[in-house]
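In our numbering, the protein residues as written are 749 to 1227.
All C-beta atoms in this analysis are idealised placements derived from N, C-alpha and C, irrespective of residue type, glycine included.
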Amino acid sequence: MKSQDIRNTFLNFFEEKKHSIVQSAPMVLKDDPTLMFVNSGMAPFKEYFLGNAQPKNNRLTDSQKCLRVSGKHNDLEEVGYDTYHHTLFEMLGNWSFGDYFRKEAIAWAWELLTERFGIDKDILYVSVFEGDEEDGIPMDQEAYDFWKGYISEDRILMGNKKDNFWEMGDQGPCGPCSEIHVDIRSAEEKAKVDGKTLVNMDHPQVVEIWNLVFMQYNRKANGSLENLPAKHIDTGMGFERLCMVMQGVQSNYDTDVFTPIIREIETITDKEYGKNEKVDVAIRVISDHVRAVAFSIADGQLPSNTGAGYVIRRILRRAVRYGFTFLDKKEPFIYRLVEVLVKQMGKAFPELKVQRQLIENVIKEEETSFLRTLDQGLVLLDRIIENSKTKEISGAKVFELKDTYGFPEDLTGLILRENGFTYNHSDFEKKLKEQQQRGKEASQLKSDDWTVLVEDEEQEFIGYDTLEAQVKIVKYRKV
Ligand code: ATP
Ligand code: MG
Ligand code: MG
Ligand code: MG
């Protein structure tokens, strides 16, 4: 089944169950001080759970663009090294706002996975909240009993507060959850352990695909829980992981969500995926990061030196460096992947298609600009590593790389780690603060890559019809 059909099957299934299909909300949040990017399907629906707003239908279904690169959920360091954590991913969800609860959520999840998608029951595991004394919440017996109707009891595992009690943040709606995990080990792999098929859920090839949250409490400012006036269902299934299961492969990167991008990287760089681990990591990182950057730009978030814009710049610079060092690509090429991405995703996410030109221009400019200093910076960093008497580099050196060569702190940290080195983070922070202070005193607009014509305007998403104007702004680069 193609990924496009997998997404549609999910949405159509819930539409049959009287849900309205809604488009993904933008991933970039402009007015939420607690969150820079949408990091889970529920974020755009926060106000419904809190009872501050009313949806037009109390059953919705969607595929939400999520980004987990900052704050509470940050998977950036995993990306490329494992095969199922991405920066940007789609979270498929079905939502009940004060309507159905545990029984239907569990029944429909099971029906969809085993009947509609035809996933073998013998590779599924589920988890149930074991309860928590501190919060005075008992084990989720109800969920356990519903699951028992579908799956043998040795496949229902107890989970603690960390994994099986979902909280939006320190305050707000929360509740116990049940996760569904899939054992994707190959038959060969299973045979190796003497036919023992039941494995611990921590096994790297037992992958969590779906989280069903039974939203029934509100965490108050003093930390105590109260019952919500209404009970809600919030589910999130990793789309790329579901595709991995459905397409019978062992890695999200082997699904058709990623293979067209990977083939294009192979063609452009003349490297082959699957031959050398370092090359493979680089290819996975780039194929992941181009999606995050492209979708962010499509949502109106251009790379910049502050806030969400800097997160995007950091992701892109990481990708550029992986290409430079491990794929020997010394000129811009990541922007060329946008065409394939748009072909693959443009139907489900029309904003990509509409903003294609802008996305390509911005990525190309960013690549060109960073490539100008990357080589020199890497030479300097090599020298620092060679000459260092200890395994810890000073924060001042990391700062110099940022200030002079545009190396984001996490990029320098990554390269140091690859070489078995660390650096003094607090010292780096101190240097950064001093610089910001100097900047304030000189009270000048600062931007080392883009000339800010009208502050903030380049970052503002004004609408598709102002595309031209944005491209123009982007083109005014400082030389
Ligand atoms: P994991 O334990 O694998 O990190 P999670 O428990 O952090 O996942 P949830 O917050 O429960 O994930 O999100 C719901 C679903 O979204 C997960 O079951 C998974 O399928 C998917 N998901 C979560 N993080 C990622 C990611 N970084 N990349 C791709 N899919 C993800
Ligand atoms: Mg996680
Ligand atoms: Mg988990
Ligand atoms: Mg989870």
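What separation, rounded to the nearest whole angstrom, lies between the Cα atoms of residue i and residue j?
i       : j       : result
ASP868  : LEU1050 : 43 Å
ILE1107 : ILE1045 : 6 Å
ASP1028 : GLU1020 : 8 Å
ILE854  : ASP830  : 29 Å
THR782  : GLY923  : 20 Å
GLN889  : LEU1162 : 45 Å
ILE1063 : HIS1037 : 6 Å
ASP1047 : HIS834  : 18 Å
ALA1042 : THR1116 : 16 Å
LEU1129 : SER1174 : 19 Å
GLU863  : ALA935  : 22 Å
ARG1066 : ALA978  : 44 Å
GLU1114 : GLY996  : 37 Å
LYS765  : GLU937  : 38 Å
LEU1180 : THR1017 : 36 Å
TYR965  : GLU974  : 6 Å
GLU1140 : LYS1178 : 17 Å
VAL770  : LEU1100 : 17 Å
CYS991  : SER875  : 21 Å
PHE845  : ASP823  : 29 Å
Please list, in chain order, all residues of the same chain as residue i whose beta carbon is under 6 Å from its beta carbon, the five residues on each side excluded.
i       : result
THR1121 : TYR1153 and GLY1154
ARG1259 : Within the shown structure, residues of the chain are numbered from 749 to 1227, placing residue 1259 beyond reach of any answer.
TYR1112 : First, the amino acid is wrong: residue 1112 is Lys here, not Tyr. Taken in chain order, the residues that qualify are PRO1080 and TYR1083.
GLU1012 : LEU1085 and VAL1088
GLN812  : SER772, GLY789 and MET839
SER768  : ASN805 and LEU808
For residue i and chain D, any beta-carbon pair shorter than 8 Å?
i       : result
LYS1026 : No chain D appears in this structure, which consists of one protein chain only.
Taking DSSP's pairing of strands, which residues face residue i in a bridge?
i      : result
TRP741 : Look at the range of the chain in this structure, 749 to 1227, and you will see that residue 741 is not part of it.
LYS813 : GLU838
GLU956 : HIS929
THR983 : LEU960
VAL776 : PHE785
MET906 : VAL876
SER999 : DSSP, once it has assigned bridges, lists no residue as partnering SER999.
TYR965 : CYS922 and ASN975
Would you call residue i buried or exposed, if buried means 16 or more other Cβ atoms sit within 10 Å of its Cβ?
i       : result
ALA801  : exposed
SER788  : buried
PRO921  : buried
VAL993  : buried
THR1138 : exposed
THR1015 : exposed
GLU927  : buried
LYS1150 : buried
LEU798  : exposed
HIS739  : Residue 739 is absent from the structure shown; the chain starts at 749 and stops at 1227.
PRO774  : buried
LYS1145 : buried
GLU731  : With the chain covering 749 to 1227 only, the question about residue 731 has no answer from this structure.
ASN842  : buried
PHE903  : At residue 903 the sequence reads Arg, which differs from the Phe that was named. The residue in question, ARG903, is buried, as its Cβ has 16 or more Cβ neighbours within 10 Å.
VAL786  : buried
SER912  : Strictly speaking, residue 912 in this sequence is Asn, with Ser absent from that position. Counting Cβ neighbours within 10 Å, ASN912 comes out buried, since at least 16 surround it.
PRO886  : exposed
ALA1040 : buried
ALA1056 : buried
ASP753  : exposed
ALA939  : exposed
GLY984  : buried
Got a sec? Which residues, its chain only, sit under 7 Å from residue i by beta carbon, not counting five neighbours each side?
i       : result
ARG989  : TYR832, VAL955, ILE957 and ASN1000
VAL1059 : MET784, VAL817 and SER818
ARG1069 : LEU1122 and LEU1159
GLU915  : CYS922 and ARG967
ILE1010 : TYR1001, TYR1021, ILE1031 and SER1035
Between which residues of its own chain and residue i is the CB-CB distance below 8 Å, once the five residues before and five after are set aside?
i      : result
GLU795 : ALA801
GLY917 : THR782 and LYS820
LEU861 : ILE867, LEU872, ILE928 and TRP958
TRP856 : PHE761, PHE762, LYS765 and ASN842
Problem set entry | Contact set, ligand 3 heavy atom to C-beta under 6 Å | ASP911 and GLU956
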